[in-house]
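Visitor: The letter at position 86 of the sequence shown is residue 88 when you use my numbering, and the numbering goes up by one with no holes.
From the three backbone atoms N, C-alpha and C, an ideal C-beta is built for every residue, glycine too.
Pasting in a structure now, in structure tokens, and then I'll have a few things to ask.
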Amino acid sequence: MPDLDSLISEVSGNGSLVEREVQGRDGRWYSLRMRPYKTAENKIDGVLMALMDIDVMKRGLDQARLSLDDAVTARDLSANLLDMSGALIVILDPAGRIIAFNHASQERSGYSFREVEGRTFWDFLLPPEEVDEAKSVFASILRGAGPASTYERTWIGKDGSRRVIASSSIGRCGADGAVRQIISTGIDITPRKLAQDALRRSENQLRRLTANLLIAQEDERKRVARELHDDLNQRMAMLANEVATLEQTPPGSTRLLRKQLRSLRARVDQLSDDLRRTAHRLHPSVLEHFGLVAAVESHCSDFMKLHRIQLKLAHRSVPESIPFDVSLCLYRVTQECLNNVAKHSGARKVMVAIRGNKDGILLSVTDNGTGFDPGLLADQSGLGIIGIRERVRLVDGIFSINSQPGHGTQIDVRVPLTTRMDP
Ligand SMILES: Nc1ncnc2c1ncn2[C@@H]1O[C@H](COP(=O)(O)OP(=O)(O)O)[C@@H](O)[C@H]1O
Ligand SMILES: [Mg+2]
3 MPDLDSLISE VSGNGSLVER EVQGRDGRWY SLRMRPYKTA ENKIDGVLMA
53 LMDIDVMKRG LDQARLSLDD AVTARDLSAN LLDMSGALIV ILDPAGRIIA
103 FNHASQERSG YSFREVEGRT FWDFLLPPEE VDEAKSVFAS ILRGAGPAST
153 YERTWIGKDG SRRVIASSSI GRCGADGAVR QIISTGIDIT PRKLAQDALR
203 RSENQLRRLT ANLLIAQEDE RKRVARELHD DLNQRMAMLA NEVATLEQTP
253 PGSTRLLRKQ LRSLRARVDQ LSDDLRRTAH RLHPSVLEHF GLVAAVESHC
303 SDFMKLHRIQ LKLAHRSVPE SIPFDVSLCL YRVTQECLNN VAKHSGARKV
353 MVAIRGNKDG ILLSVTDNGT GFDPGLLADQ SGLGIIGIRE RVRLVDGIFS
403 INSQPGHGTQ IDVRVPLTTR MDP
């Protein structure tokens, strides 16, 4: 209690009113009011004092003030948390208008909060084809459905770029149970999506390649079977017939006999050549027995017999022993390049060069034909160049095409020898 005596003399002395909040010894709060008691003659004759217990009211008020402070602090804190979060957080009112748009959202979309505040998010942030679906998810959250499971949304940024966002939303209810705010959190999964797309593309390419390889293998078998049966077998049968005729009705003179035998021998030689070529195409055994240079020489001489293209083969410092997978790779690359020269280039000259040096082996096939734009090699183009690339990659080599329309084509392959472990 304050000093009562001085208060009383203050009130009775100048007739003023005093009103104070005072705390009793028990710690409770009271409102103390004092005013002068005046007689009928308007003379001050004492002091009226009233004490009212305001303890409950006062504590309630203090509590309310503290909660208000807490609320302000909590609001600042959640605003900070919103902005610190790496996740994209958007808070909407029940009409879908943006009331919060955190820092991460601003950064990803390119919009500042001021630019989006109060705008309905599906009106500008989503592509038209996703708006209906977004509205229906939004409506189900408004109806009080539990948190929607994660869904993917596309955000269109201020600069028009698209980002894929994995989002999830919940509704926050007021005291009456109605949804007041919709809080939506999201993560930008664009990089993951891009990687998935690239993977899907290369899987498709691989699938196509496998399918084409199987078809190519079947075609090759059909071709070899036809060649063996329709061509070589027929020619053998004809030869056998002619030998039988010769046996039954030998010509009268030795000169005539010799002539017929000579013709027969030439055809047997030709047949044997063709048989060798067919076998060779299936598996180049000369590669195993005589090495890369001999196998390429043999293939080049066959090529010149079949095509009216002038071919020059040059080789220098090619090691005697090369791992079989490397020599097979270089041999098949030479075959495919020469195939392409014959099939596509219209060239009159082609040069095959094989060189060994301290790092490995360099093979190049150069023609003076039409050339082409390697950048336009479409996904659905042939298997030849894809096959070359894969073969070279398998032996840690480097493959490059140097070609442009009207300027011929040069294909280079470099395969290292030093770092390889196998013999
Ligand atoms: N030496 C070349 N000269 C001109 N065009 C070529 C040459 N090599 C390849 N090409 C072009 O590249 C394409 C792809 O070749 P490739 O993958 O071997 O498939 P394919 O030979 O089955 O068409 C060819 O269709 C052709 O247009
Ligand atoms: Mg080809």
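Skipping 5 residues on each side, what residues in its chain have a beta carbon closer than 6 Å to that of Val335?
Guide: Same-chain partners within the cutoff: Ile390 and Val415.
Visitor: Taking its Cβ as the centre, do 16 or more other Cβ atoms sit within 10 Å of Pro425, making it buried, or is it exposed?
Guide: Unreliable placement is indicated for Pro425, whose pLDDT of 46 sits below 50; the coordinate value is still reported in the next sentence. Per the 10 Å Cβ criterion, exposed.
Visitor: Check whether the stretch 18-33 touches the stretch 57-64, taking contact to mean three or more Cβ pairs, one atom from each stretch, closer than 8 Å.
Guide: The stretch 18-33 is in contact with the stretch 57-64.
Visitor: Secondary structure at Asp57, three-state DSSP: helix, strand or coil?
Guide: Note: Asp57 maps to helix in three-state DSSP.
Visitor: Just to confirm the assignment, what range does the alpha helix (DSSP H) spanning Gly305 have?
Guide: Checking the sequence shown, residue 305 turns out to be Phe, not Gly. Ser287 to Leu308 is the extent of the alpha helix (DSSP H) around Phe305.
Visitor: I'd like the span of the beta strand (DSSP E) that includes Phe103, first residue to last.
Guide: Here the beta strand (DSSP E) through Phe103 covers Ile100 to Phe103.
Visitor: Mind reading off the beta-carbon distance from Pro1 to Val181? Whole number of angstroms is fine, and I expect it under 8 Å.
Guide: Any property of residue 1 remains undetermined from this structure, which presents the chain solely from 3 to 425.
Visitor: With a CB to CB cut of under 8 Å and the five nearest residues on each side skipped, what residues in its chain are close to Ile191?
Guide: So the qualifying residues of the chain are Glu154, Val166, Ile167 and Ala168.
Visitor: Near ligand 2, which residues have their beta-carbon less than 5 Å from any of its heavy atoms, given in chain order?
Guide: The set, ordered by position in the chain, is Asn342, Gly384 and Gly386.
Visitor: Going by DSSP, which residues form a beta bridge with Cys331?
Guide: DSSP, once it has assigned bridges, lists no residue as partnering Cys331.
Visitor: Decide yes or no for the touch test of the stretch 366-378 against the stretch 402-414: beta carbon pairs closer than 8 Å, at least 3 of them.
Guide: Yes, they touch.
Visitor: For a minimum of 4 consecutive residues, which ranges assigned as the alpha helix (DSSP H) are wholly contained in the stretch 257-283?
Guide: The stretch 257-283 contains no whole alpha helix (DSSP H) run of 4 or more residues.
Visitor: Find the nearest neighbour of Val367 within the set Asp361, Leu378 and Ala344, judged by alpha-carbon distance.
Guide: That would be Ala344, whose Cα lies nearest to the Cα of Val367.
Visitor: Between which two residues does the beta strand (DSSP E) carrying Ala316 extend?
Guide: Note, Ala316: beta strand (DSSP E), Gln312 to Arg318.
Visitor: Grab the span of the beta strand (DSSP E) containing Ala2 for me, first residue to last.
Guide: Nothing can be reported for residue 2: it is not among the residues displayed for the chain, which extend from 3 to 425.
Visitor: In chain order, which beta strand (DSSP E) runs of at least 3 residues are fully inside the stretch 76-136?
Guide: Segments of the beta strand (DSSP E) lying fully in the stretch 76-136: 90-94 and 100-103.
Visitor: Nearest CA to the CA of Ala136: which residue from Ser114, Asp161, Ser170 and Phe326?
Guide: The residue with the shortest Cα to Cα distance from Ala136 is Ser170.
Visitor: Quick check on Lys40: does DSSP put it in helix, strand or coil?
Guide: Three-state DSSP puts Lys40 in a strand.
Visitor: Enumerate in chain order the residues of its own chain whose CB-to-CB distance from Glu290 is below 8 Å, with the five nearest sequence positions on each side excluded.
Guide: Excluding residues within five positions, the ones whose Cβ falls inside 8 Å are Phe326.
Visitor: Going straight from the alpha carbon of Ile93 to that of Lys160, what length do you get?
Guide: Approximately 19 Å, taken between the alpha carbons.
Visitor: Is Ala89 close to ligand 1? I mean its beta-carbon at under 8 Å from any heavy atom of the ligand.
Guide: Flag unset: Cβ of Ala89 not near ligand 1.
Visitor: Please return the same chain residues whose Cβ sits closer than 6 Å to the Cβ of Leu273, not counting the five positions on each side in sequence.
Guide: Correct list, in chain order: Arg237.
Visitor: In three-state DSSP terms, what is Val367?
Guide: If DSSP states are grouped into helix, strand and coil, Val367 belongs with the strands.
Visitor: Apart from the five residues just before and just after His105, which ones in its own chain have a Cβ nearer than 6 Å to its Cβ?
Guide: Closer than 6 Å at the Cβ level, and outside the excluded window around His105, lie Asp85.
Visitor: In chain order, what residues of the same chain lie with their CB nearer than 8 Å to the CB of Lys314, ignoring the 5 residues before and after it?
Guide: Excluding sequence neighbours, Lys314 sits near Lys351, Val352, Met353 and Val354.
Visitor: Assuming Leu385 contacts Asn214 (C-beta within less than 8 Å), just tell me the rounded distance between them.
Guide: Contact flag correct, Cβ pair sits at about 5 Å.
Visitor: Is Met423 helix, strand or coil by DSSP?
Guide: For Met423, the predicted model reports a pLDDT of 49, less than 50, meaning its position is unreliable and no value from the coordinates is stated.
Visitor: Between which two residues does the beta strand (DSSP E) containing Thr372 stretch?
Guide: First-last for Thr372: undefined, no H or E at that position.
Visitor: Using a threshold of 9 Å, state whether the C-beta atoms of Val320 and Ile363 are closer than that.
Guide: Against a cut-off of 9 Å, the Cβ pair of Ile363 and Val320 comes out as a contact.
Visitor: Assuming Thr156 and Glu119 form a contact by the criterion Cβ under 8 Å, report the distance between their Cβ atoms to the nearest whole angstrom.
Guide: Actually they are not in contact, since the Cβ atoms of Thr156 and Glu119 sit about 22 Å apart, beyond 8 Å.
Visitor: At 3 residues or longer, and completely inside the stretch 149-200: list those beta strand (DSSP E) runs for me, N to C.
Guide: Taking only runs of at least 3 residues, the beta strand (DSSP E) segments lying wholly in the stretch 149-200 are 153-158, 164-175 and 181-190.
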